[in-house]
Amino acid sequence: MILKFGVGSTRNPKVRWDQDLPFCTTQNTCYIPVVLQNFSVRCSANSHIVYEESGNFFVNWTTSDQLFSKNSFSDEDSGLQSRTEYQYKSAYDLNNILTTGLTDFFSGGGYVVKLIGPVSVLQEKMTYLQQQGWIDDRTRAVMVEFTVYDANINVFSVNKIVSEFPPYGSVISWAAFQPLRLLPFGNQYVSLEIICLILDRTHGNTIVSFQYVQLLDFLYNIGLSFCVFATMLKLITLLRFNRRISVLQSTLARCKKDLVNYFVVFGILFAAFSQSFFFILNTKLTDYKNFMTAACSIFTVLLGKGQFDVLLASSPLIPPLFVAFFVSMVIFMVNIFITIILTAFIEIKHDSARQNNEYEVVQFTIRKLRAMMGMRPTPDQKIFCDNENASLGTLTLIERKMNLSQTLCKICYYRQNILFYCTTANADV
Numbered sequence: 001m002i003l004k005f006g007v008g009s010t011r012n013p014k015v016r017w018d019q020d021l022p023f024c025t026t027q028n029t030c031y032i033p034v035v036l037q038n039f040s041v042r043c044s045a046n047s048h049i050v051y052e053e054s055g056n057f058f059v060n061w062t063t064s065d066q067l068f069s070k071n072s073f074s075d076e077d078s079g080l081q082s083r084t085e086y087q088y089k090s091a092y093d094l095n096n097i098l099t100t101g102l103t104d105f106f107s108g109g110g111y112v113v114k115l116i117g118p119v120s121v122l123q124e125k126m127t128y129l130q131q132q133g134w135i136d137d138r139t140r141a142v143m144v145e146f147t148v149y150d151a152n153i154n155v156f157s158v159n160k161i162v163s164e165f166p167p168y169g170s171v172i173s174w175a176a177f178q179p180l181r182l183l184p185f186g187n188q189y190v191s192l193e194i195i196c197l198i199l200d201r202t203h204g205n206t207i208v209s210f211q212y213v214q215l216l217d218f219l220y221n222i223g224l225s226f227c228v229f230a231t232m233l234k235l236i237t238l239l240r241f242n243r244r245i246s247v248l249q250s251t252l253a254r255c256k257k258d259l260v261n262y263f264v265v266f267g268i269l270f271a272a273f274s275q276s277f278f279f280i281l282n283t284k285l286t287d288y289k290n291f292m293t294a295a296c297s298i299f300t301v302l303l304g305k306g307q308f309d310v311l312l313a314s315s316p317l318i319p320p321l322f323v324a325f326f327v328s329m330v331i332f333m334v335n336i337f338i339t340i341i342l343t344a345f346i347e348i349k350h351d352s353a354r355q356n357n358e359y360e361v362v363q364f365t366i367r368k369l370r371a372m373m374g375m376r377p378t379p380d381q382k383i384f385c386d387n388e389n390a391s392l393g394t395l396t397l398i399e400r401k402m403n404l405s406q407t408l409c410k411i412c413y414y415r416q417n418i419l420f421y422c423t424t425a426n427a428d429v
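Taking UniProt numbering, the leading residue of the sequence shown gets 1, the next gets one more, and so forth.
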């Protein structure tokens, strides 16, 4: 048996341009080609979150001034504004967050249509909105948001389907499906009971937004990743008694100043190339729609996993720029980074004064403790003891040879003095 629940209802928010932001016409600064001046042509600039509409309207997006300017105003027209599809709801009212689209940013607010009821009722509502021109030429985006829950695997799915309407006339659609594991209960009956309690409170007709929950889960994962990273750094600090880890730590400490200077230069150069790719490709490829996505995309190219054919065919300026980017970042900067690390490693390797002896100290301490407790040494400790004894034996032999050399030198010295005195005495006689 498969248990799946729709958590709350589905909503269909819409985002519009500001009504006070007029389109550029032939009387304004917009340039219209001569062959098109006989047609009814209007142009518009790129949309932005700053120019998002936040006012209330009557049916067919009629303002109050337009409605009262009519010669006759009936009582039927006075109730048109009560339709919720033309009432603006902020992100706070919808319990929503900022949405990053492929061409623009959206505040999370908008004009909402609640998709509640059977399919026939929803079809009638969609037909009515289509006849009233609910989606018009000032529409920036239309979204469908809903959340489902699968009790078999205890997973929520926060779903969003978006259709963006850029000013150049096309429709760009994309979807995002984010699975979340929010309930820590392992028993399916407990999860089912919680769902029943939610439906009892909302009667199954209230929209339950999981956008903030999705954001909190994302921040929780980031915090957890940071804690794991800090724990691994602490673990590396504890592993400094290992000879190899100690050499690595000493190497990084040796070249940290050079690495800081290197990353400053690398950041400036990488930001310059990211900005260049963004200026050239922001209107041609969605992977370069803003500076951050452009930086991530060229970093992927730097790792050798980018779509080179699409990138090179997008603009005639890209091939020489790509060659300059590849030569600068891969051939020069990466090799400089490796050179800095290897230089510090060679210095640490040949400088015995910079190498820690903590590894030997720990082995010596463990060996003494095991000997005090009457325990046999481990094979590693035996090897360590043998090496230590061998070193001590070598030192003893060297000391003996040095003492013998000193004795021979003294004998030779005294012998020469005796011969000298004997020769002098014979000469006197």
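Even glycine gets a Cβ: it sits at the ideal position worked out from N, Cα and C.
No experiment lies behind these values; they were computed from the predicted model shown.
Report back the beta-carbon spacing between residue i and residue j to the nearest angstrom; my notes put them in contact at under 8 Å.
{"i": "Leu262", "j": "Ile331", "result": "The question names Leu, but residue 262 in the sequence shown is Tyr. Not really, about 15 Å apart at Cβ, beyond 8 Å."}
{"i": "Ile348", "j": "Thr251", "result": "5 Å"}
{"i": "Ser276", "j": "Leu321", "result": "6 Å"}
{"i": "Gln132", "j": "Val59", "result": "6 Å"}
{"i": "Phe146", "j": "Asn159", "result": "5 Å"}
{"i": "Tyr88", "j": "Asn38", "result": "That belief does not hold up - the Cβ atoms of Tyr88 and Asn38 are roughly 38 Å apart, past 8 Å."}
{"i": "Leu122", "j": "Leu115", "result": "6 Å"}
Taking its Cβ as the centre, do 16 or more other Cβ atoms sit within 10 Å of residue i, making it buried, or is it exposed?
{"i": "Met372", "result": "exposed"}
{"i": "Ala91", "result": "buried"}
{"i": "Gln211", "result": "buried"}
{"i": "Met143", "result": "buried"}
{"i": "Cys227", "result": "exposed"}
{"i": "Cys296", "result": "exposed"}
{"i": "Thr84", "result": "exposed"}
{"i": "Thr283", "result": "exposed"}
{"i": "Ala175", "result": "exposed"}
{"i": "Val15", "result": "buried"}
{"i": "Ala324", "result": "exposed"}
{"i": "Ser246", "result": "buried"}
{"i": "Cys255", "result": "buried"}
{"i": "Ala272", "result": "exposed"}
{"i": "residue 431", "result": "Past the boundaries of the shown model lies residue 431; the chain is included only from 1 to 429, so the question cannot be answered."}
{"i": "Thr139", "result": "buried"}
{"i": "Ala230", "result": "exposed"}
{"i": "Ile222", "result": "exposed"}
{"i": "Ala253", "result": "exposed"}
{"i": "Gly79", "result": "The predicted position of Gly79 is uncertain, since its pLDDT is 49 and thus under 50; a value taken from the coordinates is nonetheless stated next. By the 10 Å Cβ count, Gly79 comes out exposed."}
{"i": "Glu52", "result": "buried"}
{"i": "Asp351", "result": "exposed"}
{"i": "Lys305", "result": "exposed"}
{"i": "Tyr86", "result": "buried"}
{"i": "Tyr288", "result": "buried"}
{"i": "Ile318", "result": "buried"}
{"i": "Asn96", "result": "buried"}
Less than 9 Å between the C-beta atoms of residue i and residue j, yes or no?
{"i": "Phe177", "j": "Ala141", "result": "no"}
{"i": "Leu98", "j": "Ser209", "result": "no"}
{"i": "Pro166", "j": "Thr100", "result": "no"}
{"i": "Ser163", "j": "Pro179", "result": "no"}
{"i": "Trp61", "j": "Asp136", "result": "yes"}
{"i": "Leu269", "j": "Ser314", "result": "no"}
{"i": "Val148", "j": "Leu182", "result": "no"}
{"i": "Leu311", "j": "Leu285", "result": "yes"}
{"i": "Phe278", "j": "Phe291", "result": "yes"}
{"i": "Asp258", "j": "Ala344", "result": "yes"}
{"i": "Met329", "j": "Val265", "result": "no"}
Please check if any C-beta of chain B sits within less than 9 Å of the C-beta of residue i.
{"i": "Pro179", "result": "Absent from the structure: chain B. Only one protein chain is present."}
Would you say residue i touches the ligand FAD, meaning its beta carbon is less than 8 Å from a heavy atom?
{"i": "Arg244", "result": "Looking at this structure, you won't find the ligand FAD or any other ligand, since it has none at all."}
(message) Please give me, in chain order, every unbroken run of the beta strand (DSSP E) with length at least 3 that falls completely inside the stretch 97-159.
(response) 110-115 and 139-150
(request) For the stretch 111-120 and the stretch 165-183, state whether three or more C-beta atom pairs, one from each stretch, are separated by less than 8 Å. (result) no
(message) So, does the stretch 298-308 touch the stretch 220-236, judging by three or more C-beta pairs under 8 Å?
(response) no
(message) Please give the ranges of any alpha helix (DSSP H) in the UniProt domain "Polycystin cation channel PKD1/PKD2" (203-347), keeping only runs that are unbroken, at least 4 residues long and fully inside the region.
(response) 211-238, 243-254, 256-281, 291-302, 308-313 and 318-326
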